[in-house]
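Residue 449 is where the sequence shown starts when you use the numbering used here, and the numbers rise one by one after that. The beta carbon of each residue, even a glycine, is placed where N, CA and C say it ideally should be. Below you'll find the structure, written out as structure tokens, and then a few comments.
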Amino acid sequence: MAGAVRPRAQLLSRGPTGAGAADARTPAQSLPRVSPELVLHRIRLIARTLEDHPGLTSAELAERVGYGRRHMSLLLLRLEEHGHVVHLDRRWFPGPEPVA
Numbered sequence: 449m450a451g452a453v454r455p456r457a458q459l460l461s462r463g464p465t466g467a468g469a470a471d472a473r474t475p476a477q478s479l480p481r482v483s484p485e486l487v488l489h490r491i492r493l494i495a496r497t498l499e500d501h502p503g504l505t506s507a508e509l510a511e512r513v514g515y516g517r518r519h520m521s522l523l524l525l526r527l528e529e530h531g532h533v534v535h536l537d538r539r540w541f542p543g544p545e546p547v548a
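Here it is in structure tokens:
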């Protein structure tokens with residue numbers, strides 16, 4: 449019974465390792481391509497939501513825009529690096545750099 453459940457990492461196929469390993473990824477292991485327009489739409493949606501409702505937590509913001517909390521947290525951290533959002537404790541606010 450103990451062998452019936454394995455960690456997810458063991459279920460992925462193991463490709464070649466070494467210098468050329470990144471080039472030998474199978475399509476199932478690579479990230480899906482997202483168009484720049486879709487990325488910009490996501491950023492604008494987050495910025496617009498924070499302008500309308502400043503002080504949301506990442507979980508509240510994720511619920512309002514329809515993304516997962518983890519995905520939203522990662523997006524917010526990246527947007528913070530670029531000055532588009534700032535956070536105070538667990539709350540997020542529009543940043544000094546406007547979203548184009």
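Assign S506 to one of two classes, buried (16 or more other C-beta atoms within 10 Å of its C-beta) or exposed (fewer than that).
Burial call: buried.
From R517 to A510, what distance separates their C-alpha atoms?
Cα to Cα, the separation comes out at about 5 Å.
Simplified DSSP state of V533, which is helix, strand or coil:
Strand, per DSSP.
For R512: DSSP bridge partner residues:
BP columns for R512 are empty, so no partner.
Assign P549 to one of three DSSP states: helix, strand, or coil.
It is not possible to answer for residue 549, since the shown part of the chain is limited to 449 through 548.
Taking the beta strand (DSSP E) that R538 falls in, what are its first and last residues?
Membership of R538 in any beta strand (DSSP E) is not indicated, and neither H nor E is assigned to it by DSSP.
Restricting to Cα atoms, I'd like to know which of H501, L523, V513, P484 is closest to F439.
No answer is possible for residue 439: it lies beyond the span of the chain, which begins at 449 and ends at 548.
With distance defined between alpha-carbon atoms, name the residue in S521, V513, L522, L488 nearest to T497.
Of the listed residues, the one whose Cα sits closest to T497 is V513.
Taking the Cβ atom as the reference point for each residue, do A495 and H532 lie within a distance shorter than 8 Å?
Yes. Within cutoff.
Outcome for Q458 when other beta-carbon atoms lying within 10 angstroms are tallied against a minimum of 16:
Residue placement at Q458 is poorly supported in this model, since its pLDDT is 49, which falls under 50; the coordinates are not used for a value here.
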